[in-house]
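Number of protein chains: 2
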Amino acid sequence: MLDKYTIGLDYGTNSCRALIVALSNGDELASSVFNYPTGEAGVIVDDAKPNLARQNPADYVQGLEITITEAIKKAKEARINFDPKDIIGIGVDTTGSSPLPVDSEGLPLCFKDEFKDNKAAYVWLWKDHTGYEEAAEITEKASEIRPQYLAKIGGVYSSEWLWSKLWKCQKSDNDVFKAAHSFIEICDWIPAHLCGELKPEKIKRSVCAAGHKAMFSTEWDGLPDKEFLAELSPELADLRDRLFSEAYPAEEKLGNLSAEWAEKLGLSTDVAVAVGAFDAHMGAVGAGVNTGTLVKILGTSTCDIMVSPNNETLADIPGVCGVVDGSVKGGYYGIEAGQSAVGDIFLWFVNNLVPDKYGADNDEKFKNLGEAADKMKPGETGLLALDWNNGNRTILVDVRLAGMLLGQTLHTNAHEIYKALVEATAFGALAIIDRIEENGVKIDEVVNCGGLAIKNSMLMQIYADITNKPMKVSRSEQTPALGAAIFGAVAAGKEMGGYTDVESAQEQMTGTNKVYIPIPENVEVYKKLYKLYRQLHDGFGIKNKNTSMFNVMKELLDIRDEVRKG
Amino acid sequence: MLDKYTIGLDYGTNSCRALIVALSNGDELASSVFNYPTGEAGVIVDDAKPNLARQNPADYVQGLEITITEAIKKAKEARINFDPKDIIGIGVDTTGSSPLPVDSEGLPLCFKDEFKDNKAAYVWLWKDHTGYEEAAEITEKASEIRPQYLAKIGGVYSSEWLWSKLWKCQKSDNDVFKAAHSFIEICDWIPAHLCGELKPEKIKRSVCAAGHKAMFSTEWDGLPDKEFLAELSPELADLRDRLFSEAYPAEEKLGNLSAEWAEKLGLSTDVAVAVGAFDAHMGAVGAGVNTGTLVKILGTSTCDIMVSPNNETLADIPGVCGVVDGSVKGGYYGIEAGQSAVGDIFLWFVNNLVPDKYGADNDEKFKNLGEAADKMKPGETGLLALDWNNGNRTILVDVRLAGMLLGQTLHTNAHEIYKALVEATAFGALAIIDRIEENGVKIDEVVNCGGLAIKNSMLMQIYADITNKPMKVSRSEQTPALGAAIFGAVAAGKEMGGYTDVESAQEQMTGTNKVYIPIPENVEVYKKLYKLYRQLHDGFGIKNKNTSMFNVMKELLDIRDEVRKG
Numbered sequence: 001m002l003d004k005y006t007i008g009l010d011y012g013t014n015s016c017r018a019l020i021v022a023l024s025n026g027d028e029l030a031s032s033v034f035n036y037p038t039g040e041a042g043v044i045v046d047d048a049k050p051n052l053a054r055q056n057p058a059d060y061v062q063g064l065e066i067t068i069t070e071a072i073k074k075a076k077e078a079r080i081n082f083d084p085k086d087i088i089g090i091g092v093d094t095t096g097s098s099p100l101p102v103d104s105e106g107l108p109l110c111f112k113d114e115f116k117d118n119k120a121a122y123v124w125l126w127k128d129h130t131g132y133e134e135a136a137e138i139t140e141k142a143s144e145i146r147p148q149y150l151a152k153i154g155g156v157y158s159s160e161w162l163w164s165k166l167w168k169c170q171k172s173d174n175d176v177f178k179a180a181h182s183f184i185e186i187c188d189w190i191p192a193h194l195c196g197e198l199k200p201e202k203i204k205r206s207v208c209a210a211g212h213k214a215m216f217s218t219e220w221d222g223l224p225d226k227e228f229l230a231e232l233s234p235e236l237a238d239l240r241d242r243l244f245s246e247a248y249p250a251e252e253k254l255g256n257l258s259a260e261w262a263e264k265l266g267l268s269t270d271v272a273v274a275v276g277a278f279d280a281h282m283g284a285v286g287a288g289v290n291t292g293t294l295v296k297i298l299g300t301s302t303c304d305i306m307v308s309p310n311n312e313t314l315a316d317i318p319g320v321c322g323v324v325d326g327s328v329k330g331g332y333y334g335i336e337a338g339q340s341a342v343g344d345i346f347l348w349f350v351n352n353l354v355p356d357k358y359g360a361d362n363d364e365k366f367k368n369l370g371e372a373a374d375k376m377k378p379g380e381t382g383l384l385a386l387d388w389n390n391g392n393r394t395i396l397v398d399v400r401l402a403g404m405l406l407g408q409t410l411h412t413n414a415h416e417i418y419k420a421l422v423e424a425t426a427f428g429a430l431a432i433i434d435r436i437e438e439n440g441v442k443i444d445e446v447v448n449c450g451g452l453a454i455k456n457s458m459l460m461q462i463y464a465d466i467t468n469k470p471m472k473v474s475r476s477e478q479t480p481a482l483g484a485a486i487f488g489a490v491a492a493g494k495e496m497g498g499y500t501d502v503e504s505a506q507e508q509m510t511g512t513n514k515v516y517i518p519i520p521e522n523v524e525v526y527k528k529l530y531k532l533y534r535q536l537h538d539g540f541g542i543k544n545k546n547t548s549m550f551n552v553m554k555e556l557l558d559i560r561d562e563v564r565k566g
Numbered sequence: 001m002l003d004k005y006t007i008g009l010d011y012g013t014n015s016c017r018a019l020i021v022a023l024s025n026g027d028e029l030a031s032s033v034f035n036y037p038t039g040e041a042g043v044i045v046d047d048a049k050p051n052l053a054r055q056n057p058a059d060y061v062q063g064l065e066i067t068i069t070e071a072i073k074k075a076k077e078a079r080i081n082f083d084p085k086d087i088i089g090i091g092v093d094t095t096g097s098s099p100l101p102v103d104s105e106g107l108p109l110c111f112k113d114e115f116k117d118n119k120a121a122y123v124w125l126w127k128d129h130t131g132y133e134e135a136a137e138i139t140e141k142a143s144e145i146r147p148q149y150l151a152k153i154g155g156v157y158s159s160e161w162l163w164s165k166l167w168k169c170q171k172s173d174n175d176v177f178k179a180a181h182s183f184i185e186i187c188d189w190i191p192a193h194l195c196g197e198l199k200p201e202k203i204k205r206s207v208c209a210a211g212h213k214a215m216f217s218t219e220w221d222g223l224p225d226k227e228f229l230a231e232l233s234p235e236l237a238d239l240r241d242r243l244f245s246e247a248y249p250a251e252e253k254l255g256n257l258s259a260e261w262a263e264k265l266g267l268s269t270d271v272a273v274a275v276g277a278f279d280a281h282m283g284a285v286g287a288g289v290n291t292g293t294l295v296k297i298l299g300t301s302t303c304d305i306m307v308s309p310n311n312e313t314l315a316d317i318p319g320v321c322g323v324v325d326g327s328v329k330g331g332y333y334g335i336e337a338g339q340s341a342v343g344d345i346f347l348w349f350v351n352n353l354v355p356d357k358y359g360a361d362n363d364e365k366f367k368n369l370g371e372a373a374d375k376m377k378p379g380e381t382g383l384l385a386l387d388w389n390n391g392n393r394t395i396l397v398d399v400r401l402a403g404m405l406l407g408q409t410l411h412t413n414a415h416e417i418y419k420a421l422v423e424a425t426a427f428g429a430l431a432i433i434d435r436i437e438e439n440g441v442k443i444d445e446v447v448n449c450g451g452l453a454i455k456n457s458m459l460m461q462i463y464a465d466i467t468n469k470p471m472k473v474s475r476s477e478q479t480p481a482l483g484a485a486i487f488g489a490v491a492a493g494k495e496m497g498g499y500t501d502v503e504s505a506q507e508q509m510t511g512t513n514k515v516y517i518p519i520p521e522n523v524e525v526y527k528k529l530y531k532l533y534r535q536l537h538d539g540f541g542i543k544n545k546n547t548s549m550f551n552v553m554k555e556l557l558d559i560r561d562e563v564r565k566g
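Chains as they are written, first to last, in the working numbering: chain A, 1 to 566; chain B, 1 to 566.
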């Protein structure tokens, strides 16, 4: 039997990627990356508004054509009998919540002359935190009159999420808000673009985006009710009717590739396009997520994804961003947690605070920092950091927190601080694992994916030592794109040569290839350090917690001295 | 009348300096610097013992000859009628407590073959903290049975001080301790060397060193009594008899220049050598210290010196290192406080955490960091730091504290952190000022000296804004050496053409030349930041203080946002 193929399209923060995958065994034939041309590394920023982060949807369309074309060309070189006509499905994952204001035809407002200079008319990227005051008010109002809305999303509504952004837009950019017929998540807008039907009413919306970011649930009437929204703003309540009332898992077929795109890309109009979802959720599928597996996607920020069968009761998990039926795959609750910055913290450090003696460029600096840090034992730096340079997304759910470094002497050097920053992100990861397990979801294995998991063995060993769990690494280096490709295969379905369900696709197409085992003596030291981390975490992160900080530095020094003594 | 001259010898941590000064007006004719050749920048360190810092007394002797010879040569070039025979006195200031183990002839043990490889036989430099456990035990024992000993030194005995070092030596290097007939502070040993009489029993010891570092006081029988010392260790009690029982202010003449040195240096044997004292204390005199003047010596660490007339009662000041009759000048209590690291923190930062884009060398980096930091308004960085990279010397008196930086985001850059570090040292300075004023010693003016005061106008303005006091800068760039020269002039006395007392010498020989005035809007912002600094300071520094830290980051962000709004 000749193999069939699918395309996974992965829209990240700075670039997008197309990946062509063989259905039989998950072989990744070819991929192509496109860096968004607009703004700073693809992000539109504003010096006067440090929380603002926008994106140009034109970059997505351009990236789509360039990466698929290029990937097909490479696939032909890689496999002699490869025929683009054997591509049967396309799946799309994106960042989110990243809503885009559109007119009644689904056209982005920023494509119109009158709005092209207005940043509010562009995509409000996931990491746009301008709506932090609105987020706090939504949390307050919901905890007063709709506590059930908060229970599903960890108890605190985030400034990264849909309603915070829509409300902020309504308040601070009312001209855009008024002109917008609707707002569409880019995980819905991009697949709709492939199908050639952008009318907001006609697009099958992602339950992943809806459930995790828009307080959408079948336990109530979909989106938050009008009465609640009117309490925030009557204009928001009006908008509700122009958003959506149904939401779908990504196994669902959105439609077929439009004739226009089929021609442009050299593909068939039989190609099935799956409903979109977020990168982390599709990435978890690409990493083989199943009951008992925690998938960690380690990138600029981190997403932690689990699933739990939806025929068993699952209590709400406080401080964990979301529990949404079908958000990862049908038949399971998707559980989403995460850290607001991980790779971003290391990149910030190397860009701003690492002298050139560590290397001529960032790659060299990372390499040398890592090697030097790896030579130090746990506790030896005497340092402790909080991983909050971009706030805290899970447990505290608070963007108005900041980083902290403690324990530096006159001898502390850059690689020690680098190690402390890596450890801080691992402590943050452990805090999430603890919280999930305390709430009755057992974690049997951790599968890691993303660039850091693949490239940074020092980091992976520290994660194993700090969490005291083996860290497996996903076989694929592009798990979000692979996950998207899997959904393309399922959307295409059996009769087209695809799969009937996600599990059977995962079985053939995913796997792990490396594992880091905890080192017992490191585990012991890190247990002590984690206690101190939690003291700082709770002392600085929890209101009304009267924690004395006095012992922190003492114990750090004691641990360091003990380690040095050997 | 032809002018007379004195030589001030200033022994710092990394180098020593000779300064030739005209008695009539304080004109500094010539100076010469000698970098100690032994160890790392003159300090013997030990990789396995991070708290160890020793020094080679041979460097002092070598430096003495080289710098005086060179300075005389330069003085001849600078002033046509300069004649070395018109030099009438020499004063010596050094770091301390920096004791040196010697034999019964005053010969350093490290000069002997059997001890030349033993670091304990060298000078135990002021910043040697190996005796931190001993310091804690001394504090505990004294607070139990001799509380009066502690009252004079701020309530806590430091690991930098004499008894901590002697006891540590006795415990960890007993062969050296046993072989030592006595221990001599280098501020006593160097002038004694100039006079050619090193026998421990014959050296007039400095009341500055004795009172501030050895718990010596005329309110009891000089050094701590034998019974107390025996409680620490019988060997320490035995040593007491071989130390000293009298101590003198630096106006006192120690002796005349020895024939050997006179010949070597081309000076007369009539030259009077003054009793030694510490650099900060003589520096304060060189900066014009008087009732109501706080002199800040801003260097790698900081000393804050005041005087208070000894015919008025002065209550003990808790947490301030010392109040000693005559330690700055006769007739006054000398009050000494200080910060364990100031310039050292900036140097650490530039050496370890500043990328080369700020400059090719440290000078350029400091220049560019300073200029960029100067452009930011108070509060704009969103950062707050604790100035404890080398512990806290005054108020908390605790070397087992460490640095802290808080508030960093993904956008924080090196010059923002540099500014936060400068601010942290200024907050530390204000904490000391507050403590002294709360205890009834009024501060009418602040005179700053040392390299930072002269070169770093950004820092001086921040100090003015944070302390809300005008910051004057001493006219002399070498106030410790100038102070030492003043004591040389007083030791020589009227009949030799010198001065009868310190005040009349100061009147002629010292002055200020620059003043930084507080900027009211900066003062207001810094008042808020100082409150947060104190919250961290007390929360992390005071045991049993149950302080919630929650509001710290919030308020920092609020202040930052407010400032950015304008």
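Backbone N, C-alpha and C define an ideal beta-carbon position, used for all residues, glycine too.
Contacts that residue i makes with chain B (C-beta to C-beta distance below 7 Å)
{"i": "Q408 (chain A)", "result": "N389, A402, G403"}
{"i": "A341 (chain A)", "result": "L410"}
Test item: CB-CB of residue i and residue j under 8 Å
{"i": "R54 (chain B)", "j": "I66 (chain B)", "result": "no"}
{"i": "P330 (chain A)", "j": "P224 (chain A)", "result": "Before going on, a small fix: residue 330 (chain A) reads as Gly here, not Pro. Going by C-beta atoms, G330 (chain A) is not nearer than 8 Å to P224 (chain A)."}
{"i": "D344 (chain A)", "j": "L410 (chain B)", "result": "yes"}
{"i": "A214 (chain A)", "j": "V176 (chain A)", "result": "no"}
Cα-Cα separation, residue i to residue j
{"i": "G382 (chain A)", "j": "W161 (chain B)", "result": "25 Å"}
{"i": "A280 (chain B)", "j": "G211 (chain B)", "result": "14 Å"}
{"i": "G154 (chain B)", "j": "G407 (chain A)", "result": "25 Å"}
{"i": "L19 (chain B)", "j": "K73 (chain B)", "result": "12 Å"}
{"i": "V92 (chain B)", "j": "E380 (chain B)", "result": "45 Å"}
{"i": "R17 (chain A)", "j": "V342 (chain A)", "result": "21 Å"}
{"i": "N392 (chain A)", "j": "G319 (chain A)", "result": "10 Å"}
{"i": "N389 (chain A)", "j": "P50 (chain A)", "result": "13 Å"}
{"i": "L254 (chain A)", "j": "E40 (chain A)", "result": "32 Å"}
{"i": "M553 (chain B)", "j": "G539 (chain A)", "result": "Residue confidence is low: M553 (chain B) scores 48 on pLDDT, short of 50, so the model does not pin down where it sits. Its coordinate-derived value is still stated next. The alpha-carbon atoms of M553 (chain B) and G539 (chain A) are separated by roughly 11 Å."}
{"i": "G322 (chain B)", "j": "P108 (chain B)", "result": "28 Å"}
Under 8 Å by beta carbon: chain B residues contacting residue i
{"i": "N14 (chain A)", "result": "Correct list: empty, because the minimum Cβ distance to chain B is about 14 Å."}
{"i": "G283 (chain A)", "result": "Here the premise fails: no neighbours, minimum Cβ distance about 22 Å."}
Under 8 Å from the C-beta of residue i: neighbouring residues of chain A
{"i": "V354 (chain B)", "result": "L353, P355"}
Residues that residue i contacts on chain A, provided the C-beta gap is smaller than 7 Å
{"i": "D344 (chain B)", "result": "L410"}
{"i": "W348 (chain B)", "result": "L410"}
Residues that residue i bridges to, as DSSP identifies them
{"i": "F111 (chain B)", "result": "Note: F111 (chain B) sits in no beta bridge, so no partner."}
{"i": "C16 (chain B)", "result": "B:Y11, B:F34"}
Interface residues of chain A facing residue i [CB-CB closer than 9 Å]
{"i": "P84 (chain B)", "result": "Neighbours of P84 (chain B) on chain A: none; closest Cβ ~41 Å, over 9 Å."}
Chain B residues whose Cβ lies nearer than 9 Å to that of residue i
{"i": "K414 (chain A)", "result": "Note on residue identity: the sequence assigns Ala, not Lys, to residue 414 (chain A). The answer, in chain order, is N352, L353."}
Exercise. Could you name each continuous alpha helix (DSSP H) segment of 4 residues or more that falls completely within the region 298-386 of chain A, going from the start of the chain to the end?
Key: 343-353, 362-374
Exercise. Write down every uninterrupted run of the alpha helix (DSSP H) in the region 425-495 of chain A whose length is 4 residues or greater and which is fully enclosed by it, in chain order.
Key: 451-455, 457-467, 479-492
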